[in-house]
Amino acid sequence: MSHQAVPGDAVSKRAPVNRRGTRCDSVIRKKEMAKQLDKSAVEAIANALKGKPGALMPILRRVQDELGWIPPDSIPLLAQILNLSRAEVYGVVSFYHDFRREPPARNVIKVCRAESCQAMGGVALANHIKQRLKCEFGATSADRVFTLEPVYCLGNCACSPAVVINGELIGRTTSERFDAALARLEARLR
Amino acid sequence: MNPTVCVPRDSGAVSLGAGEVADAIAAEAGRRRADLTLVRNGSRGLYWLEPMVEVETARGRLAYGPVAPSDVASLFDANFLAGGQHRLALGPTAEIPYLRNQQRLTFARVGVTDPVSVDDYVGHGGYRGLERALAMNGAQIVEEVTLSGLRGRGGAGFPAGIKWKTTLGVEAAQKYIVCNADEGDSGTFSDRMIMEGDPLLLIEGMTIAAIAVGATEGLIYLRSEYPDALRTLNEALAAAARKGYLGANLCGSGKAFNLEVRVGAGAYICGEETAMLESLEGRRGMVRFKPPLPAISGLFGRPTIINNVITLASVPVILERGANFYKDYGMGRSRGTLPIQLAGNVSHPGLIEKAFGVSLREIVYGYGGGTASGRPVRAVQVGGPLGAYFPESMLDLPLDYEALAANGGLLGHGGVVVFDDTVDLAQQARYAMEFCALESCGKCTPCRIGSTRGVELIDQLVAGNRESAQVLRELCDTMTAASLCALGGLTPLPVMSALKHFPQDFGLAPEGTPSGSALR
Chain A
25 MSHQAVPGDA VSKRAPVNRR GTRCDSVIRK KEMAKQLDKS AVEAIANALK GKPGALMPIL
85 RRVQDELGWI PPDSIPLLAQ ILNLSRAEVY GVVSFYHDFR REPPARNVIK VCRAESCQAM
145 GGVALANHIK QRLKCEFGAT SADRVFTLEP VYCLGNCACS PAVVINGELI GRTTSERFDA
205 ALARLEARLR
Chain B
29 MNPTVCVPRD SGAVSLGAGE VADAIAAEAG RRRADLTLVR NGSRGLYWLE PMVEVETARG
89 RLAYGPVAPS DVASLFDANF LAGGQHRLAL GPTAEIPYLR NQQRLTFARV GVTDPVSVDD
149 YVGHGGYRGL ERALAMNGAQ IVEEVTLSGL RGRGGAGFPA GIKWKTTLGV EAAQKYIVCN
209 ADEGDSGTFS DRMIMEGDPL LLIEGMTIAA IAVGATEGLI YLRSEYPDAL RTLNEALAAA
269 ARKGYLGANL CGSGKAFNLE VRVGAGAYIC GEETAMLESL EGRRGMVRFK PPLPAISGLF
329 GRPTIINNVI TLASVPVILE RGANFYKDYG MGRSRGTLPI QLAGNVSHPG LIEKAFGVSL
389 REIVYGYGGG TASGRPVRAV QVGGPLGAYF PESMLDLPLD YEALAANGGL LGHGGVVVFD
449 DTVDLAQQAR YAMEFCALES CGKCTPCRIG STRGVELIDQ LVAGNRESAQ VLRELCDTMT
509 AASLCALGGL TPLPVMSALK HFPQDFGLAP EGTPSGSALR
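So the sequence lines, in the order shown, correspond to chains A and B.
For the first sequence, the positions run 25 to 214 when the working numbering is used.
For the second sequence, the positions run 29 to 548 when the working numbering is used.
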């Protein structure tokens with residue numbers, strides 16, 4: 025498991041500057057507003073689900089499903105609401121592959137790397153996809169358009185190789201089929 | 029009456045365009061003012077024919093496939109609603125040899141019914157097992173399951189009846205039924221097909237388990253990779269509750285059973301039952317020491333029955349038809365039927381439910397029709413990422429818990445993945461170690477560190493360092509003997525089987541030749 029740097033570290037806290045070197049207050053304001061929105065969303069989710077036995081997983085699941093990631097600010101918040109230590113919450117967030125500690129790009133592509141897909145040319149397909157998206161597994165492309173994630177079996181082994189484009193499962197994926205799906209996606213983005 | 033047209037909602041079929049086909053059929057029917065009832069059924073499991081469209085006619089159900097949206101207009105032209113001839117016509121579905129030659133007990137309704145219709149389920153024999161169970165006491169139900177010989181289908185093969193008996197014997201204010209639906213083993217998809225194609229069967233099985241041991245709460249731990257199964261399960265749960273098959277007073281019996289789905293977060297290790305309990309309790313999925321057994325002290329410290337989807341889905345038929353009916357299928361100590369999942373490089377991948385004892389050769393060639401690439405079969409991996417790689421010469425092995433174990437393999441969850449002669453088994457062995465390193469919970473050293481050292485040793489071996497073979501062998505011994513759970517304990521299976529049967533891929537001489545002595 026590769027451990028990324030904890031979000032919210034010194035680098036990402038550096039204030040954005042414009043070309044003349046002065047601070048962009050509007051950018052900071054927007055970021056702060058987004059943070060506040062995320063925080064109240066997390067709070068609402070936690071308060072709605074905290075009565076369930078073993079509530080932390082369902083809460084994190086819904087935070088991830090609604091926000092796309094687990095913002096670092098939600099860790100102390102959840103610890104407080106659930107009467108857990110921050111370490112316990114962070115430990116759970118960092119244990120599970122699904123929970124992202126960085127926001128994903130607006131398009132998330134998942135590629136199955138398991139045996140059945142390997143047997144049907146999955147390795148070559150994965151290489152093609154990496155090249156097309158200009159992105160490695162577990163990373164986001166420089167233009168922040170794509171996040172590429174590995175997945176180990178989608179249960180679609182009888183239709184190998186399988187990929188997921190923004191939640192949509194595609195079976196018997198060839199390079200051509202993938203490129204066509206990508207072209208449709210890019211046409212929608214334009 | 030309107031003709032009924034079935035287009036699967038199974039995620040595999042949808043991944044091949046079943047959704048678009050269903051839309052095209054509805055649109056074309058509207059254009060032609062043709063009245064029809066569109067049902068989104070489960071998949072029959074004939075995946076090379078998906079999207080497979082079925083029509084109910086006077087001659088029974090007729091199949092067409094694989095259908096693309098562009099074929100829909102010509103299907104209407106050919107009057108497929110009345111079973112008209114078309115180049116995609118497959119004839120009566122039940123007569124397709126792949127399906128006809130199966131023994132579908134657990135999968136009897138999958139692909140036949142509307143998965144979320146309780147009426148359809150009951151109309152096709154559903155809930156008869158529960159009806160019988162409600163007339164029995166707990167000990168009688170457990171006895172029936174024990175006599176059937178049903179063993180856990182998740183991989184370990186532990187007799188279900190014995191597990192249930194343990195939980196039945198414990199006095200507790202609260203007991204739980206937990207369904208392990210974390211079908212993480214690559215190459216397997218039978219749990220998904222049940223949850224998407226006949227979820228009420230799983231619900232019925234869990235309800236029977238609950239009445240048997242006196243549990244009132246049930247949880248299904250579903251992997252996050254199955255969003256369609258989640259949707260279908262939740263629809264089915266709501267439908268069952270509406271009809272009084274779940275809730276405070278199920279079927280008017282005065283007994284309560286509530287069922288909820290919990291979704292995992294992409295950790296393979298949570299398919300291990302104690303790691304799953306940790307995850308359900310809201311913690312990291314770290315494996316627990318046993319004892320205590322979950323059957324005595326499981327979820328939140330309460331007695332808990334944990335079975336996988338297929339195990340629980342096999343219970344209704346046992347209660348309905350009796351233990352002897354079920355036990356008559358199978359061989360040796362493996363009783364009943366096994367839903368075999370055939371995948372990888374194979375012409376006809378899909379779901380094959382057969383009595384235990386069918387040979388790998390019959391599955392790979394008889395059903396599968398050999399490789400999809402047309403090249404020779406070189407290796408077959410049985411039982412998921414922790415299963416052994418067998419060479420073509422060993423395909424006469426029967427699919428049976430004991431026979432595979434005796435040959436250095438395991439049956440696991442019943443997945444069979446076929447590879448052609450382009451496969452490099454050293455790379456597959458490396459992948460097995462890499463996967464273990466990625467998914468290890470980190471609690472025990474042999475698994476956490478052994479897996480990483482294993483990757484390095486295979487790399488050294490492939491680079492020409494022959495002494496690494498012996499070190500790798502010893503490492504695998506340690507992992508097998510000293511790991512806390514099956515992940516570290518069984519990762520050596522694919523590695524050692526690859527090394528044993530395909531030494532040339534590791535740059536070693538085949539067994540029996542003098543320079544191959546490093547291989548024992």
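All C-beta atoms in this analysis are idealised placements derived from N, C-alpha and C, irrespective of residue type, glycine included.
Within-9 Å CB hit, residue i to chain B
{"i": "A/V175", "result": "yes"}
{"i": "A/E90", "result": "no"}
{"i": "A/E112", "result": "yes"}
{"i": "A/K194", "result": "What sits at residue 194 of chain A in the sequence shown is Ile, not Lys. Chain B, which has a Cβ nearer than 9 Å to the Cβ of A/I194, makes this yes."}
{"i": "A/M81", "result": "yes"}
{"i": "A/G78", "result": "yes"}
{"i": "A/R85", "result": "yes"}
{"i": "A/L178", "result": "yes"}
{"i": "A/L106", "result": "yes"}
Within-9 Å CB hit, residue i to chain A
{"i": "B/Q409", "result": "yes"}
{"i": "B/F530", "result": "no"}
{"i": "B/V446", "result": "yes"}
{"i": "B/G292", "result": "yes"}
{"i": "B/T519", "result": "no"}
{"i": "B/F463", "result": "yes"}
{"i": "B/Q456", "result": "yes"}
{"i": "B/E390", "result": "no"}
{"i": "B/A400", "result": "yes"}
{"i": "B/T216", "result": "yes"}
{"i": "B/P413", "result": "yes"}
{"i": "B/L527", "result": "no"}
{"i": "B/E484", "result": "no"}
{"i": "B/D219", "result": "yes"}
{"i": "B/L466", "result": "yes"}
Three-state secondary structure (DSSP) of residue i
{"i": "A/S184", "result": "coil"}
{"i": "B/I324", "result": "coil"}
{"i": "A/C131", "result": "First, the amino acid is wrong: residue 131 of chain A is Asn here, not Cys. Correct three-state label for A/N131: strand."}
{"i": "B/C34", "result": "strand"}
{"i": "A/D62", "result": "helix"}
{"i": "B/R494", "result": "coil"}
{"i": "B/V198", "result": "coil"}
{"i": "B/S145", "result": "coil"}
{"i": "A/N151", "result": "helix"}
Cβ neighbours of residue i in the same chain (closer than 6 Å, five flanking residues each side left out)
{"i": "B/L518", "result": "L414"}
{"i": "A/S165", "result": "L157, K158, C159"}
{"i": "A/M25", "result": "Note that A/M25 scores 39 on pLDDT, short of 50, meaning its location in the model is unreliable and no value can be drawn from it."}
{"i": "B/R181", "result": "N336, I338, T339"}
{"i": "B/E420", "result": "V405"}
Residues near residue i in its chain [Cβ-Cβ closer than 7 Å; skip 5 each side]
{"i": "B/H152", "result": "R137, V140, T141"}
{"i": "B/L485", "result": "S496, V499, L500, L503"}
{"i": "A/L209", "result": "N131, I189"}
{"i": "B/L127", "result": "R72, L74, T121"}
{"i": "A/V87", "result": "V66, I69, I94, S98"}
{"i": "B/A257", "result": "R220, M223, E224, L250"}
Residue i beta carbon near the ligand FAD (any heavy atom closer than 8 Å)
{"i": "B/G470", "result": "What this structure holds is no ligand at all, so the ligand FAD is not there to describe."}
Checklist entry - Name the residues in the stretch 362-387 of chain B whose C-beta lies less than 8 Å from a C-beta of chain A; which are they? => result Within the stretch 362-387 of chain B, the residues whose Cβ lies closer than 8 Å to some Cβ of chain A are Q369, L370, A371, G372, N373, P377, G378, L379, listed in chain order.
Checklist entry - the stretch 36-65 of chain B: which residues have C-beta closer than 8 Å to a C-beta of chain A, in chain order? => result Those residues of the stretch 36-65 of chain B placed with their C-beta closer than 8 Å to a C-beta in chain A are S39, G40, V42, S43, L44, ordered along the chain.
Next on the checklist: Using a Cβ-Cβ cutoff of 8 Å, what residues of the stretch 322-339 of chain B are near chain A? List them in chain order.
Outcome noted: Residues of the stretch 322-339 of chain B whose Cβ lies closer than 8 Å to any Cβ of chain A, in chain order: F328.
Checklist entry - Is the stretch 441-450 of chain B in contact with the stretch 167-177 of chain A, if contact means three or more CB pairs nearer than 8 Å? => result Because the criterion of three Cβ pairs below 8 Å is not met, the stretch 441-450 of chain B and the stretch 167-177 of chain A do not touch.
Item to check | Interface residues of the stretch 113-141 of chain A facing chain B [CB-CB below 7 Å] | outcome: Correct list: G115, V116, F119, Y120, H121, D122, F123, A138, E139, S140.
Item to check | Residues in the stretch 306-321 of chain B having any Cβ partner in chain A nearer than 7 Å | outcome: Listed by position along the chain: S307, L308, E309, G310, R311, R312, G313.
Checklist entry - If you measure beta-carbon to beta-carbon, which residues of the stretch 97-130 of chain B are closer than 8 Å to chain A? => result Answer in chain order: no residues at all.
Checklist entry - Using Cβ-Cβ distances below 8 Å, what residues of the stretch 197-213 of chain B are close to chain A? => result Listed by position, the residues of the stretch 197-213 of chain B near chain A (Cβ gap below 8 Å) are E211, G212, D213.
Checklist entry - Which residues, in chain order, does the stretch 160-181 of chain B contribute to contact with chain A at a C-beta distance below 9 Å? => result Going along the stretch 160-181 of chain B in chain order, one finds no residue with a Cβ nearer than 9 Å to chain A.
Checklist entry - Would you call the stretch 271-286 of chain B and the stretch 475-494 of chain B in contact, with 3 or more CB pairs under 8 Å? => result Output reads no: the stretch 475-494 of chain B does not touch the stretch 271-286 of chain B.
Checklist entry - Going along the stretch 180-191 of chain A in order, which residues come within less than 8 Å of chain B, judged by CB to CB distance? => result So the list reads N180, C181, A182, C183, S184, A186, G191, given in the order they occur along the chain.
Checklist entry - Looking at C-beta atoms only, is the number of pairs between the stretch 314-334 of chain B and the stretch 191-205 of chain B that lie closer than 8 Å three or more? => result Verdict: yes, contact present.
Next on the checklist: Taking contact to mean 3 or more Cβ pairs, one atom from each stretch, closer than 8 Å, check whether the stretch 72-90 of chain B and the stretch 41-52 of chain B are in contact.
Outcome noted: The stretch 72-90 of chain B, when compared against the stretch 41-52 of chain B, does touch it at the 8 Å Cβ threshold.
Checklist entry - the stretch 138-166 of chain A: which residues have C-beta closer than 7 Å to a C-beta of chain B, in chain order? => result Taking 7 Å as the Cβ-Cβ cut-off, the stretch 138-166 of chain A approaches chain B at A138, E139, S140, A143, M144, given in chain order.
Checklist entry - Between the stretch 49-58 of chain B and the stretch 94-108 of chain B, do three or more beta carbon pairs fall short of 8 Å? => result Output reads yes: the stretch 94-108 of chain B touches the stretch 49-58 of chain B.
Item to check | Touch test, the stretch 192-207 of chain A against the stretch 108-117 of chain A, Cβ-Cβ under 8 Å, three pairs minimum | outcome: Flag = no, the stretch 192-207 of chain A and the stretch 108-117 of chain A do not touch.
Next on the checklist: Counting only Cβ-Cβ distances shorter than 9 Å, please list the residues of the stretch 251-272 of chain B near chain A, keeping chain order.
Outcome noted: Listed by position along the chain: R251, S252, E253, Y254, P255, D256, A257.
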